[in-house]
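*Asks:* Pasting a structure below so you can have a look.
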Amino acid sequence: MKEFRYTRAATVDEAVTAATTTPEPSVRYLAGGTNLIDLMREGVEQPDRVVDISRLALADIDELPDGGLRFGAVARNSRIARDERVRRRYPMVAQAILNGASPQLRNKATVGGNLLQRTRCGYFYDTTAACNKRMPGAGCDALHGFNRMHAILGASDSCIAVHPSDLCVALAALDAVVQLRGADGVQRAVPLTEFHRLPGETPHVETVLAPGELVTAVDLPPAPQGRMTYVKVRDRASFAFALISVAVVLDTQEGRVRAARIALGGVAHKPWRAFQAEENLIGAPAEDQTFRHAAGEALASARPYQHNAFKPELARRLIHRTLVELASGEEGQSR
Ligand SMILES: Cc1cc2nc3c(=O)[nH]c(=O)nc-3n(C[C@H](O)[C@H](O)[C@H](O)COP(=O)(O)OP(=O)(O)OC[C@H]3O[C@@H](n4cnc5c(N)ncnc54)[C@H](O)[C@@H]3O)c2cc1C
Ligand code: SF4
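Per my numbering, the very first residue in the sequence shown carries number 3; after that it's consecutive.
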C-alpha cells in the first residue's frame, strides 16, 4: 500500500477544510472503510491523504418536518435496516440493505460510503488490465472481455461497468435527496437520481461531487402511497452483488394504476429509474398485460454485451413479476 497522510476530523467543517485545503493532489474521505481500504490494499486507489469522517456527528436518523426521514452520512447500514420507522414507512430500504453484503460489513458500512462505493468490475480491480475508470485513456478490457455482470443501459464504449449498490436503487425509487457540504461551507442538495453520472467518455468521474465535497445526509421525502418492495436476483443467495435488482412502488385504486415507480440495479453506471414506463402506467388497468408492457418499455433501449445477453429478459421478467405481485397484495422474494 502506498504511504499516505491521515487526518481524523472532529466536525464537518474540519473534514471539508482538510479535504479542500490540503496541498496533496489526491484526497479521500474514510467512512466505514469497507470499500476504500480494499481498493488501497490492491493499489487501485492511491490517495495521498485520507480524512477519517467515521466519528462525525452524522450517525443519526432524524425526522424531517415534512414527514420524511434524514439519514446521517455516517449512519451504519445495519442501523438503518433495523430502525422501526424505516421498516414501517420505507420497507424497501431495509430489504435492500439486508440483501447486500454480510452482517459484519453492514455494521461498518455507512450511507455515504454506500453511495460512493466503486464498481465491482473485475478489470477495475486488476491493475494489470486496461481500465478507463482506473486510468483514463487506457481502454476498457471489459468491452470484449468477460462482461456477464456489466451494464445494459446507459453505457458507453469507454466503460460498461455498473454501480453495485442495493441501497441506492431503493433510494432512487423513493426520490431521495443527497445533502452536500463543500468548500467555504457551501451546502447544496442533489436528487439521488442525478447524483451518479453515466460514463460517457469520462467514466472516472462518477458523481456530481466537486473535489472535497462531503455527503452529509440523505433525505427521504414522506413515504409514497401504495405498496413497495425491493427484489434482487444474484448468483448466490447471500454475499453476492445483483445481477438485476428492482425497487418498485405501486399505488392502485379501483383496478387502475394511480402511480408507479420502477428503479433498476445491476444494469447501469447509476441506479436506473424507468421514468417513461412509470408515466405510461398511470391510469392503466392494473393487470398482467399492462405490467408486461411496462416491463418491456423499461428495457426498450437495453444493449447487452457478449456475456450478459440474458440480462434484458431477466430484468423484464423481474419487473413484470414484481408489479403483478404488488398489485395482488403479495411481496416479491429475492432470488
Ligand atoms: C465482500 C463485500 C460484499 C459486498 N456486497 C454488497 C452488496 O451485495 N450490496 C451492496 O450494496 N454493497 C455491497 N458491498 C459494498 C458495501 O456496501 C460498501 O463497501 C459500503 O457501503 C461502503 O461504505 P463504507 O462506509 O465502508 O465506505 P468507505 O469504504 O469508507 O468509502 C467508500 C468511498 O466513499 C467515499 N465516501 C464515504 N463517505 C463519504 C461521504 N460522506 N462523503 C463523500 N465521500 C464519501 C470514500 O472516500 C470512498 O471513496 C459489499 C462489500 C464487500 C467488501
Ligand atoms: S467496464 Fe469500466 S471499470 Fe470495467 S474495465 Fe471497462 S472502464 Fe474499467
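Just so you know, even glycine gets a beta-carbon here, dropped at the ideal spot from N, CA and C.
What residue range does the alpha helix (DSSP H) around R183 cover?
*Replies:* Note, R183: premise wrong, no alpha helix (DSSP H); beta strand (DSSP E) at 179-183.
*Asks:* Might you give, ordered along the chain, the residues of its own chain that have their beta carbon closer than 6 Å to the beta carbon of A244, omitting 5 neighbours on each side?
*Replies:* Taken in chain order, the residues that qualify are K234, R236, G267, G268.
*Asks:* Quick check: what's the CA-CA separation for L71 versus E47?
*Replies:* Rounded to whole angstroms, L71 to E47 spans 33 Å at the Cα level.
*Asks:* Of the choices L155, R7, A329, whose alpha-carbon is the least far from that of A302?
*Replies:* A302 has its Cα closest to that of L155, out of L155, R7, A329.
*Asks:* Using the rule of at least 16 other Cβ atoms within 10 Å of the residue's Cβ for burial, across every protein chain shown, is R275 buried or exposed?
*Replies:* The residue is buried, with at least 16 neighbouring Cβ atoms inside 10 Å.
*Asks:* On the DSSP letters alone, give me the boundaries of the beta strand (DSSP E) that I321 sits inside.
*Replies:* Counting along the chain, I321 falls outside any beta strand (DSSP E), though it belongs to the alpha helix (DSSP H) covering 313-329.
*Asks:* In or out: R7 buried (at least 16 other Cβ within 10 Å) or exposed?
*Replies:* Under this definition R7 is an exposed residue.
*Asks:* Which residues in the same chain have their Cβ closer than 6 Å to the Cβ of H206, if we skip the five residues on either side of it in sequence?
*Replies:* So the qualifying residues of the chain are K135, P138.
*Asks:* Do you know offhand how far A296's Cα is from L252's?
*Replies:* Cα to Cα, the separation comes out at about 12 Å.
*Asks:* Going by other Cβ atoms of all chains shown within 10 Å of its Cβ, with 16 needed for buried, is G257 buried or exposed?
*Replies:* Exposed: under 16 other Cβ atoms inside 10 Å.
*Asks:* Starting from R263, trace the beta strand (DSSP E) in both directions and tell me its first and last residue.
*Replies:* Start and end: 258-267.
*Asks:* So S158 and E203 are in contact, right, with Cβ under 8 Å, and what is the actual spacing, rounded?
*Replies:* At roughly 7 Å, the Cβ-Cβ gap stays under 8 Å, so S158 and E203 are in contact.
*Asks:* What are the complete beta strand (DSSP E) segments, minimum 3 residues, inside the segment 203-251?
*Replies:* Runs found: 216-222, 229-235.
*Asks:* Note down the Cα distance separating E281 from E289, rounded to an integer number of angstroms.
*Replies:* Looking at the two C-alpha atoms, the distance is approximately 16 Å.
*Asks:* I believe I357 touches A83 by the beta-carbon criterion, under 8 Å. Please report the beta-carbon distance rounded to the nearest angstrom.
*Replies:* The first residue shown for the chain is 3 and the last is 337, placing residue 357 beyond what the model contains.
*Asks:* Can you tell me where the beta strand (DSSP E) holding P193 begins and where it ends?
*Replies:* That run of the beta strand (DSSP E) goes 189-193.
*Asks:* Inspect the beta-carbon positions of A140 and A132 and report whether they are closer than 7 Å.
*Replies:* In this structure, A132 lies closer than 7 Å to A140 by Cβ.
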